[in-house]
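Structure first, then comments.
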Amino acid sequence: MKKTKKKPVNIAKAAKTTIFYIFVVGVMVALLLPIYFIISLSFLSTREAYTYPLPLVPALKTQFKLEQGKRGYLLSVYDRVEGDYESVLDTAEPEKMQVYLKSQLATPMTMEDIEQQIARLETEDVIYFTRRRNLLGNYQTFFGVAGFKAVPALIRSLQICAMTIIISLSIGGMAGYAFARYAFKGKDLLKFSTLFVRMFPGVAIAIPMIKILVGLNFYDKPIGLSLVYSIGNIALTVWITASIFMGIPESLEEAAQVFGGSKARAFLRITLPLALPGLAAAAMYSFLGAWNETVSAIILTQFNPTFSVIVYQTVLGAVGQVNLAAAGGMAMAIPAVIFTFFIRRYIRQMWGGVTI
Amino acid sequence: MATLTLNNVTKRFGKKVVAVKDFSLEVPDREFLVLLGPSGCGKTTTLRMVAGLEEVTEGTILIDEVDVTDLPPRRRDVSMVFQNYAIWPHMTVYENIAYALKLKRMDKKTMDKTVKEAAEMTGIAELLERYPAQLSGGQQQRVAVARAIAVKPKLFLLDEPLSNLDAKLRVATRTELKAIHDKTEATTIFVTHDQSEAMSLADRIVIMKDGEIVQIGSPDDVYHRSVNLFVADFIGTPPTNLMDVDLKVENGDCRLVNPDFDLNLSAENAANLKDHDKKTLVLGVRPESIVLVPEEDGVLAAQCLVSEPQGSHQIVAIELGDRMVKIIAPSDPRIEAGETVHLTFKQEALAFFDKETGLRI
């Protein structure tokens, strides 16, 4: 019989690996935990949102206890953390109870239902009942409070993003190609100067921007904002695309010309598909920049705010309702996340020979 | 299959840089022509002008007697193999080869046949569905060649196609290229800085320096009848040994004198040099034209500095004056460093160059 030798454990190496993974997991937790809390918070009721400790997951149902109170009917709610019922409201008016149920406990009940439960008190001292929570309540409230403004603002924001991508990608992409392929006087200076426009904070040049946009009749219009956003994004796009185009050997285009294509066809059939990952990355930057921007949008819009402005205003207005602010934040983040996931496919689509 | 004519072609970049100067050349049908020269001599620029990738500053280029000087590359009916192969990474091998055929509106069946023929000829038939990133350097090079021969061009242009391959593959591939040329009989222009590649492939070699043609000739011509010091030094491994010598004519005898040796010239060489009495010349002698002899027959004696055995022969280096002289000697007897060797020159293989102009006498 052979004895299998135990491999000597390399302690230093094992320790190194362990520390590495602890570090990685730590970073991940640090990054993901706030995001998780925002998501979870956006589904909590107002009452839950202000309990401590915060529940990790929102409850799907609310358990009630109803009995005769000093002033009228005493409503208690089961607290998952305490493991006991906690009195929350003592009122004689069923209408008040309905409002409280909806706004504070995110458990809407019809008047009929409430009166039925109250009627049961005539025969019993204490009654218990369970009702389903409205999980999307915060989102409904958010869009309800923002009212008729939220949806048009969302559409407006998407318009602005699309226009910003088109403007900055077409102009910046062409400039990037020129910087990558042609030698001309003052090339480096020009390339650096595209970044100079990013030096000025939007607030600092707000007044001249307003004046110019008003002059162009673009004030308070999506096109005006997308022009403002494009200025900064063109610079970024120039740098991203120039490096992409530089990474694609010119001889690939030349070969296409020798083998029967015109210059334009060589660009469209060879260079453009190869540059797609870079262009997608540039588009993503443009989208996120335009989508998230709030400061200039507050200054440069009046009656037609963007979605980020709406969220900002709602968050400001939602004092004492942190769960509502979370719902607004989520509504803001979701389109950006969707767009990034969609475009990620192109960024990952790197062709073998071209390293970017 | 076609002829190519370049008439006084000049290429200037900006106002000052002259890449190609007054280049005139006729390439007959089916010739394998090699443009050879050190880097920066304008050989690639010349090729790119023929392809149409570089504008011609002055002069004209004719393919089959048709002026193509101002035509875009796609109208010239040429094909090209690039130094970095330039095969398109987002297309499969098949698509790479078929691209040009598609643009020519070739029907599917013929196209398929043509692609497969080209792949067969270059030995990549089983790689057609792969992407370039999945191929080795040698296979990529074959794809580039297959793509170029599939279009059956009038002119086949190759820009240092072997320079990115390793030494062994390079030698094997150049034999294959030669075979493909023999099969397709396409007029071929091949650019290289590697003289042994040029020697082994070319029908004719055009040696260029500083944008100008230095010599046009067969491999034998440029090797044995180099027109000047540059060619003599550039062609051959090891290159021609060059030594300063004084010519002395005394009572009918013609002698080359040098601190290291004193050589009586043969009647033929003497007749050739009779007008250059008392001048300092440059003697050019190929490494294989210096022979080891017994002591009594030697014109000069020297200590072996280094000897490099090559299997079939050995290269013996000696120092004459301040110059290193290399000799190709038979591998037997083996010569050791420090050994004294006695040498003489093969009179019929000596070349003489004017010291001032560098031209051959």
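For the record, the sequence lines run as chains A and B.
If you read the first sequence in the numbering used here, its first letter stands for residue 1, the second for the next number, and so on.
If you read the second sequence in the numbering used here, its first letter stands for residue 1001, the second for the next number, and so on.
From the three backbone atoms N, C-alpha and C, an ideal C-beta is built for every residue, glycine too.
Opening and closing residue of the beta strand (DSSP E) in which residue i lies
{"i": "HIS1342/B", "result": "1340 to 1345"}
{"i": "GLU1026/B", "result": "1017 to 1027"}
{"i": "THR418/A", "result": "The question about residue 418/A has no answer, for chain A in this structure spans 1 to 356."}
{"i": "ASP79/A", "result": "73 to 79"}
{"i": "VAL1282/B", "result": "1280 to 1285"}
{"i": "VAL126/A", "result": "126 to 132"}
Alpha-carbon to alpha-carbon, residue j and residue i
{"i": "ALA12/A", "j": "ILE347/A", "result": "38 Å"}
{"i": "ALA175/A", "j": "VAL238/A", "result": "6 Å"}
{"i": "HIS1193/B", "j": "VAL1034/B", "result": "10 Å"}
{"i": "VAL315/A", "j": "LEU213/A", "result": "28 Å"}
{"i": "ALA297/A", "j": "LYS211/A", "result": "15 Å"}
{"i": "LEU279/A", "j": "PRO273/A", "result": "10 Å"}
{"i": "THR1110/B", "j": "VAL1151/B", "result": "12 Å"}
{"i": "GLN1300/B", "j": "GLY1014/B", "result": "Correcting the residue type first, residue 1300/B is Leu in the shown sequence and not Gln. The alpha-carbon atoms of LEU1300/B and GLY1014/B are separated by roughly 53 Å."}
{"i": "PHE267/A", "j": "GLU253/A", "result": "7 Å"}
{"i": "PRO201/A", "j": "PHE303/A", "result": "23 Å"}
{"i": "LYS1116/B", "j": "TYR1094/B", "result": "9 Å"}
{"i": "THR1184/B", "j": "THR1340/B", "result": "53 Å"}
{"i": "PRO1364/B", "j": "PRO1153/B", "result": "Chain B is shown from 1001 up to 1361; residue 1364/B falls before or after that span and cannot be answered."}
{"i": "THR355/A", "j": "ASP220/A", "result": "Only weak support is given to the placement of THR355/A: the predicted model assigns it a pLDDT of 41, under 50, and the value that follows is read from those uncertain coordinates. Answer to the nearest angstrom: the Cα atoms are 43 Å apart."}
{"i": "ALA1232/B", "j": "HIS1224/B", "result": "9 Å"}
{"i": "SER1226/B", "j": "ALA281/A", "result": "58 Å"}
{"i": "ILE343/A", "j": "PHE184/A", "result": "34 Å"}
{"i": "PHE341/A", "j": "ARG1076/B", "result": "46 Å"}
{"i": "GLN1356/B", "j": "GLY1217/B", "result": "It should be noted that the sequence gives Glu, not Gln, for residue 1356/B. Going from the Cα of GLU1356/B to the Cα of GLY1217/B covers about 24 Å."}
{"i": "SER425/A", "j": "ASN134/A", "result": "This structure gives no information on residue 425/A, because the portion of chain A shown stretches from 1 to 356."}
{"i": "GLU1120/B", "j": "THR1187/B", "result": "21 Å"}
{"i": "LEU1128/B", "j": "LYS1209/B", "result": "41 Å"}
{"i": "LEU1047/B", "j": "LEU1256/B", "result": "43 Å"}
{"i": "ARG181/A", "j": "MET246/A", "result": "7 Å"}
Range of the contiguous alpha helix (DSSP H) that encloses residue i
{"i": "ILE166/A", "result": "150 to 181"}
{"i": "PHE200/A", "result": "Counting along the chain, PHE200/A falls outside any alpha helix (DSSP H), and DSSP gives it neither H nor E."}
{"i": "SER45/A", "result": "Where SER45/A is concerned, there is no enclosing alpha helix (DSSP H), given that its DSSP letter is neither H nor E."}
{"i": "GLN369/A", "result": "One cannot answer for residue 369/A here, as it falls past the ends of chain A, which runs 1 to 356."}
{"i": "HIS1313/B", "result": "Element bounds for HIS1313/B: not the alpha helix (DSSP H) but the beta strand (DSSP E), 1313 to 1320."}
{"i": "ARG1048/B", "result": "1043 to 1051"}
{"i": "ILE1290/B", "result": "Taken as a continuous stretch (DSSP letters only), ILE1290/B belongs to no alpha helix (DSSP H), being part of the beta strand (DSSP E) at 1290 to 1292."}
{"i": "LEU316/A", "result": "307 to 317"}
{"i": "PRO222/A", "result": "222 to 247"}
{"i": "GLY1138/B", "result": "1137 to 1150"}
{"i": "SER103/A", "result": "94 to 105"}
{"i": "PHE1353/B", "result": "Careful: PHE1353/B lies outside any alpha helix (DSSP H), inside the beta strand (DSSP E) at 1351 to 1354."}
{"i": "LEU300/A", "result": "295 to 300"}
Contact belief for residue i with residue j at Cβ below 8 Å, rounded distance in angstroms
{"i": "ALA1302/B", "j": "LEU1320/B", "result": "7 Å"}
{"i": "SER42/A", "j": "ASN323/A", "result": "6 Å"}
{"i": "MET1243/B", "j": "ARG1360/B", "result": "That pair is no contact at about 15 Å."}
{"i": "VAL295/A", "j": "VAL203/A", "result": "6 Å"}
{"i": "PHE1353/B", "j": "LEU1229/B", "result": "5 Å"}
{"i": "VAL1143/B", "j": "ILE1180/B", "result": "In fact, because the Cβ distance is near 14 Å, the residues do not count as touching under 8 Å."}
{"i": "ILE234/A", "j": "THR194/A", "result": "7 Å"}
{"i": "THR301/A", "j": "VAL309/A", "result": "6 Å"}
{"i": "ASN1264/B", "j": "ASP1275/B", "result": "Contact flag wrong, Cβ pair sits at about 19 Å."}
{"i": "ILE1205/B", "j": "PRO1219/B", "result": "6 Å"}
{"i": "ARG132/A", "j": "LEU60/A", "result": "7 Å"}
{"i": "GLY1211/B", "j": "CYS1041/B", "result": "7 Å"}
{"i": "LEU1247/B", "j": "LYS1278/B", "result": "7 Å"}
Is the number of C-beta pairs between the stretch 1103 to 1113 of chain B and the stretch 1076 to 1085 of chain B that are closer than 8 Å three or more? no
Under 8 Å: do the stretch 1287 to 1299 of chain B and the stretch 1326 to 1337 of chain B share three or more Cβ pairs, one atom per stretch? Judged by Cβ distances under 8 Å, the stretch 1287 to 1299 of chain B makes contact with the stretch 1326 to 1337 of chain B, as three or more pairs qualify.
Quick one: any contact between the stretch 217 to 234 of chain A and the stretch 1013 to 1029 of chain B, if contact means 3 or more CB pairs under 8 Å? no
Taking a Cβ distance cut-off of 9 Å, strictly less, list which residues of the stretch 255 to 273 of chain A are near chain B, in chain order. The stretch 255 to 273 of chain A vs chain B, Cβ under 9 Å: ALA255, ALA256, GLN257, VAL258, PHE259, GLY260, GLY261, SER262, LYS263, ARG265, ARG269, ILE270, PRO273.
Any 3 or more C-beta pairs closer than 8 Å across the stretch 174 to 191 of chain A and the stretch 232 to 248 of chain A: yes
Does the stretch 1268 to 1282 of chain B come close enough to the stretch 1340 to 1359 of chain B that 3 or more CB-CB pairs lie under 8 Å? yes
Can we say the stretch 1232 to 1248 of chain B touches the stretch 1055 to 1062 of chain B, given the rule of at least three CB pairs closer than 8 Å? Because the criterion of three Cβ pairs below 8 Å is not met, the stretch 1232 to 1248 of chain B and the stretch 1055 to 1062 of chain B do not touch.
Listed in chain order, which residues of the stretch 1056 to 1080 of chain B have Cβ atoms closer than 9 Å to some Cβ of chain A? PRO1072, PRO1073, ARG1074, ARG1076, VAL1078, SER1079, MET1080
Contact list for the stretch 1223 to 1254 of chain B against chain A, Cβ threshold 7 Å: none
Closer than 8 Å is the cut-off here; do at least three beta carbon pairs connect the stretch 23 to 30 of chain A with the stretch 102 to 119 of chain A? no
Inter-stretch contact (C-beta, 8 Å, three-pair minimum) for the stretch 331 to 341 of chain A and the stretch 182 to 197 of chain A: no
Along the stretch 224 to 249 of chain A, what residues have a CB closer than 8 Å to any CB found in chain B? PRO249
Counting beta carbon pairs with one atom in the stretch 93 to 109 of chain A and one in the stretch 150 to 168 of chain A, are three or more of them shorter than 8 Å? no
For the stretch 283 to 292 of chain A and the stretch 127 to 143 of chain A, state whether three or more C-beta atom pairs, one from each stretch, are separated by less than 8 Å. Short answer: they don't touch.
Selection of the stretch 1097 to 1117 of chain B by Cβ proximity to chain A, strictly under 9 Å: TYR1099, ALA1100, LEU1101, LYS1102, LEU1103, LYS1104
Would you list, in chain order, the members of the stretch 1156 to 1176 of chain B that have their beta-carbon closer than 7 Å to a beta-carbon of chain A? none
Check whether the stretch 88 to 99 of chain A and the stretch 26 to 35 of chain A touch, using three or more Cβ-Cβ pairs below 8 Å as the test. Segment contact: the stretch 88 to 99 of chain A against the stretch 26 to 35 of chain A, fewer than three CB-CB distances shorter than 8 Å; contact not assigned.
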